[in-house]
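Residue numbers (our numbering): 22 to 373.
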């Protein structure tokens, strides 16, 4: 029955939180202006899950890399000016501690065990738990660790659905960052190849990557943060953003573009940023772009293959953002529900 309900919800054109219940009270989370923005810790009710959020100021930056940058790829140019509105961003990548509350119905089971009635936010959030992942065919940590480690192997669709659920649970709007927001926050006012400079020899101080990771991901926050207090923007888990990957998107934008987004039109390829624990230094640069591929599901034995898991993307995770200005329901839908993968019969590819 649960699988049937999941399919029905998935095929709906998109659920939008038109009327939010009163937000969960969290200290320093209620800023109305940029000047009032402070760091705060989001709570995942009925669990020990917490998500630290850091304010990111509005501003203009030059997106992309110069042609002179070592190991630069052509899709990182041309450089162009981008203006962004203020937002909060997760201090760390989303960990299994928070992700599994949604993924495994942990909060629903806990309420049942303690005979707790759902509150109004719980009732809205359960709409998105109905469309959550079915049980994976294997342990998606692949034995690398769980508590305090970044959640990995999810599709972009799964990451976006988690954001819907978290928004309902808290009464605050969360989503994936755009590619521009991600690079802006990663650079944190710098113009060098990495947020700490141009020398990859310093990566060991800031990042987990192929040469120092011990063949697995590591707990979040163990390396130095960037100048804006964000950890693991380079390495550990590569991070989903909202954008479709195209090689020429930068060239199609005008100088001074405001809050750009390459709206997804197809399931593949989508953009991943920051590089992961199994990547080389050049893939961890602030401007480096990685894109999703169908091969990320090669080892998935299910038919049809899962819309929730990428079995071959062991270093792909995500972090979340919350814009200061709450979007309209139409804007929410645009950043939540574009190009949902369609569940088809067992011989068809998803999203085609």
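Backbone N, C-alpha and C fix where the C-beta goes; we use that ideal spot for every residue, glycine too. Model, not experiment: these values are computed from the prediction.
- Taking each of 184, 268 and 97 in turn and checking the Cα distance to residue 111, the smallest one comes out for 184.
- Per DSSP, the continuous beta strand (DSSP E) segment holding residue 84 begins and ends at 80-84.
- Residue 298 sits in coil when the DSSP states are folded into three classes, being neither helix nor strand.
- The distance from the Cβ of residue 228 to that of residue 240 is about 14 Å, inconsistent with a contact at the 8 Å cut-off.
- When the five nearest sequence neighbours on each side are left out, the beta carbons in the same chain lying within less than 8 Å of the beta carbon of residue 95 are those of 268, in order along the chain.
- Contact between the segment 220-234 and the segment 316-327 is absent: fewer than 3 CB-CB pairs across the two stretches fall below 8 Å.
- Under the DSSP definition of a beta bridge, residue 116 partners with 171.
- DSSP links residue 104 through a beta bridge to 81 and 279.
- Here DSSP, grouped into helix, strand and coil, assigns residue 70 to coil.
- Here DSSP, grouped into helix, strand and coil, assigns residue 260 to strand.
- One Cα belongs to residue 196, the other to residue 342, and the distance between them is close to 6 Å.
- DSSP places residue 202 in the uninterrupted alpha helix (DSSP H) bounded by 200-208.
- Restricting attention to 46, 97 and 115, the CA atom closest to the CA of residue 261 is found in 115.
- Inclusion of residue 295 and residue 249 in the CB contact set at 9 Å is not warranted, their separation being larger than that value.
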